[in-house]
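Protein chains: 2
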Amino acid sequence: MATVIWADQQDIPASDRGLAYGDGVFETIRVQANLPTLRQRHVARLLEGAERLAIPLPTVQLHSVIDEAIERYACPDDWVLKLILTRGSGGRGYRPAAVAAPRLIVSAHPMPPMPPSEGVVACISSHQLLVHPRLAGLKSLARLDQVMASQAMPDECFEALMVNGTGHLLEGTRTNILVLFGNVWLMPVVSTLAVEGTMLGQIVALLRNRGEIVCEQAILPTFITQPEFLGLWLMNSVIGIVPVSQVDGTRLPVNARLATIVGQQLFMD
Amino acid sequence: MATVIWADQQDIPASDRGLAYGDGVFETIRVQANLPTLRQRHVARLLEGAERLAIPLPTVQLHSVIDEAIERYACPDDWVLKLILTRGSGGRGYRPAAVAAPRLIVSAHPMPPMPPSEGVVACISSHQLLVHPRLAGLKSLARLDQVMASQAMPDECFEALMVNGTGHLLEGTRTNILVLFGNVWLMPVVSTLAVEGTMLGQIVALLRNRGEIVCEQAILPTFITQPEFLGLWLMNSVIGIVPVSQVDGTRLPVNARLATIVGQQLFMD
Chain A
-11 MATVIWADQQ
-1 DIPASDRGLA
9 YGDGVFETIR
19 VQANLPTLRQ
29 RHVARLLEGA
39 ERLAIPLPTV
49 QLHSVIDEAI
59 ERYACPDDWV
69 LKLILTRGSG
79 GRGYRPAAVA
89 APRLIVSAHP
99 MPPMPPSEGV
109 VACISSHQLL
119 VHPRLAGLKS
129 LARLDQVMAS
139 QAMPDECFEA
149 LMVNGTGHLL
159 EGTRTNILVL
169 FGNVWLMPVV
179 STLAVEGTML
189 GQIVALLRNR
199 GEIVCEQAIL
209 PTFITQPEFL
219 GLWLMNSVIG
229 IVPVSQVDGT
239 RLPVNARLAT
249 IVGQQLFMD
Chain B
-11 MATVIWADQQ
-1 DIPASDRGLA
9 YGDGVFETIR
19 VQANLPTLRQ
29 RHVARLLEGA
39 ERLAIPLPTV
49 QLHSVIDEAI
59 ERYACPDDWV
69 LKLILTRGSG
79 GRGYRPAAVA
89 APRLIVSAHP
99 MPPMPPSEGV
109 VACISSHQLL
119 VHPRLAGLKS
129 LARLDQVMAS
139 QAMPDECFEA
149 LMVNGTGHLL
159 EGTRTNILVL
169 FGNVWLMPVV
179 STLAVEGTML
189 GQIVALLRNR
199 GEIVCEQAIL
209 PTFITQPEFL
219 GLWLMNSVIG
229 IVPVSQVDGT
239 RLPVNARLAT
249 IVGQQLFMD
């Protein structure tokens, strides 16, 4: 069992390995009408991350903490539930103790400003995103690449898109991407992503359920200038989806196709 | 000015970006006879890391906090002073606020067990160390590679040595390495290291002062089986230096050459 910390009532010891080494994982869950959206996807990713780091967390406890948080912070407006799971304190330096004493830190946050539905401006970051295969997809607490890329982002941009060492466009600092290319949806190769977003998973499942074709494919920044390119979308589990109307000064076509296909069910489990 | 947190008296808000994103840097300083060893090197690295992350920290404040810590935890035995500098709370997600409100977290720790001077057993980790050029050398709080490599390390090992994507031996999880090859000391190319150790810097400077030749050179794991190979050492600012007597079952020559040359001045600024 993890020790549950309600962040509005209790602070964290400086010895916590989440602080010391980024030794933990987290989720941010949008709560709508007091229901945690994409609950199964968030729970599955948190548990998978915990397992990959060998931080024990009973599924039952996780669900009951989510239920308790929903009750505790109940609110007619949408809000964001953040869960941080750390390995807790202990161990010898980097080496974890044989038996972990994890902490599950719970906090509630207001919704961030929503992007305009007609589209947002993005840039391509000069900070590359080099994803370690053993950490790929893991929403760990070690997120300095995202911090540095978003720190360098011009104020007018909603998002900074990041490329890997071979120049493939992977994701934004806090969003995944999807491209419409002719009649085919392109997503980056999932195993190369730093964060495998729950909303990306949701959207790909919805698209495929509607008979759309979604390909995992290395996405190059030059795709946006090709004639078959019909749109680029950003997505995460808090903001949903938003089209990109401009990248580094290049105007992109914007259309409602993705919103039309998946819009109604975006946040439904 | 950073807000100073004495970890034995005060905990950290869960909103701290060090916990949330690994957004900060740290130092562990060995204190001998109530003097912080390698003080200038530790201070320089912490300030350089703060500058690279654009976390403001006045040099004067850092020195005065170190002085205060030395007085506060004064002890005839050696101990370890740990400083964690985080960007504090605030910002919009990964994106830092325009004006940071950093925290400087101070804690005192007992010395870890010292390795036997006749040498230690090491392994080569299967967890690669992929160093982002923008993060190279930065002792950031994002240290999951080191956690995972040390977690997988067999109990009989003192250290797990890590190679990069091209198979070059870079460093241990908590130590730097140095090789004696014929009459030449080999160190890995510093710009490729995850952590550029203060003790490595100290030793290289001492060796060169004594007229020894120290080359920056890609180090391959196969070097240890070559006839010119005369020894492999691990080092950090807490344990000092220790020779490696065995790597993955291969016995290595052990000698006192490094200790003889630099031993007396290892911890002197």
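Same order as they appear, the protein sequences are chains A and B.
Under the numbering used here, think of the first position of the first sequence as -11, with each following residue one higher.
Under the numbering used here, think of the first position of the second sequence as -11, with each following residue one higher.
We put the beta carbon where it would ideally sit given N, CA and C, even for glycine.
As the structure is a prediction and not an experimental result, all values here were calculated from the model.
Item: Backbone secondary structure at Glu39 of chain B - three-state DSSP; Value: helix
Item: Residue-chain proximity (His30 of chain A, chain B), Cβ-Cβ < 7 Å; Value: no
Item: Proximity test, Cβ basis, 7 Å: Gln139 of chain B and chain A; Value: yes
Item: For Ile249 of chain A and Thr180 of chain B, the rounded distance between their alpha carbons; Value: 47 Å
Item: Integer-rounded CB distance, given that Ala57 of chain B should sit under 8 Å from Leu69 of chain B; Value: 5 Å
Item: Listed by chain order, chain B residues near Asp(-1) of chain A by CB distance under 8 Å; Value: Gln(-2), Asp(-1), Ile0, Pro1, Ala2
Item: Buried or exposed (CB count within 10 angstroms, at least 16 for buried), Asn164 of chain A; Value: buried
Item: Short CB-CB distance (under 7 Å) between Gly81 of chain B and chain A; Value: yes
Item: Residue from A:Val235, A:Gly228, A:Ala42 whose Cα sits closest to the Cα of Pro100 of chain A; Value: A:Gly228
Item: Residue interval of the alpha helix (DSSP H) (run including Val135 of chain B); Value: 132 to 139
Item: Rounded distance between the beta-carbons of Tyr82 of chain B and Gln116 of chain A, thought under 8 Å; Value: No, Gln116 of chain A and Tyr82 of chain B are not in contact; Cβ-Cβ is about 16 Å, not under 8 Å.
Item: Neighbourhood of Val183 of chain B by C-beta distance below 6 Å, restricted to the same chain and skipping five residues each side; Value: Lys127
Item: Contact check, Leu174 of chain A vs Val167 of chain A, beta carbons under 7 Å; Value: yes
Item: Proximal residues to Arg245 of chain A (C-beta, below 8 Å), its chain only, five neighbours per side dropped; Value: Leu168, Leu218, Gly219
Item: Nonlocal neighbours in the same chain, by C-beta distance under 6 Å from Arg22 of chain B, ignoring five residues either side; Value: Checking the displayed sequence, the identity of residue 22 of chain B turns out to be Asn instead of Arg. For Asn22 of chain B, where only same-chain residues beyond five positions count, the Cβ hits under 6 Å are Ile58, Ala62.
Item: Residues that Thr161 of chain A contacts on chain B, provided the C-beta gap is smaller than 9 Å; Value: Gly81, Tyr82, Arg83
Item: Residues of its chain near Asp236 of chain B, where Cβ-Cβ distance is below 6 Å and the 5 sequence neighbours each way are ignored; Value: Cys111, Ile112
Item: Sequence-distant residues of its chain with Cβ nearer than 7 Å to Pro142 of chain B (five each side left out); Value: Cys111
Item: Beta-carbon spacing of Val202 of chain A, Val192 of chain A below 7 Å; Value: yes
Item: The ligand FMN heavy atom lying under 6 Å from the CB of Ala38 of chain A; Value: Of ligands this structure carries none, so the ligand FMN is not represented either.
Item: Minimum Cβ-Cβ distance from Gln214 of chain B to chain A less than 7 Å; Value: no
Item: First through last residue of the beta strand (DSSP E) which encompasses Asn243 of chain A; Value: Asn243 of chain A -> no beta strand (DSSP E), and no H or E assigned at all.
Item: Asn224 of chain A beta carbon less than 7 Å from that of Arg162 of chain A; Value: yes
Item: Alpha-carbon spacing of Arg5 of chain B relative to Val(-8) of chain A, whole angstroms; Value: 19 Å
Item: Outcome for Pro64 of chain A when other beta-carbon atoms lying within 10 angstroms are tallied against a minimum of 16; Value: exposed
Item: Segments assigned beta strand (DSSP E), at least 3 residues, entirely inside the segment 146 to 182 of chain A; Value: 147 to 151, 157 to 160, 164 to 169, 172 to 175
Item: Pairwise C-alpha distance: Arg198 of chain A and Glu216 of chain A; Value: 21 Å
Item: Beta carbon of Ala8 of chain A nearer than 7 Å to that of Leu92 of chain A; Value: no
Item: Environment of His30 of chain A [buried if 16+ CB atoms lie within 10 Å]; Value: buried
Item: Distance CB(Ala85 of chain B)-CB(Gly78 of chain B) smaller than 7 Å; Value: yes
Item: Neighbour flag for Tyr61 of chain A against chain B, beta carbons, 7 Å; Value: no
Item: Residue range of the unbroken beta strand (DSSP E) whose run includes Thr74 of chain A; Value: 67 to 74
Item: Contact set for Arg40 of chain B: own chain, Cβ-Cβ below 7 Å, skip 5 residues either direction; Value: Leu126
Item: C-beta neighbour in chain B for Ala86 of chain A, strict 7 Å; Value: no
Item: With 16 other Cβ atoms within 10 Å as the buried cut-off, status of Met102 of chain B; Value: exposed
Item: Helix, strand or coil at Thr213 of chain B according to DSSP, with G and I counted as helix; Value: helix
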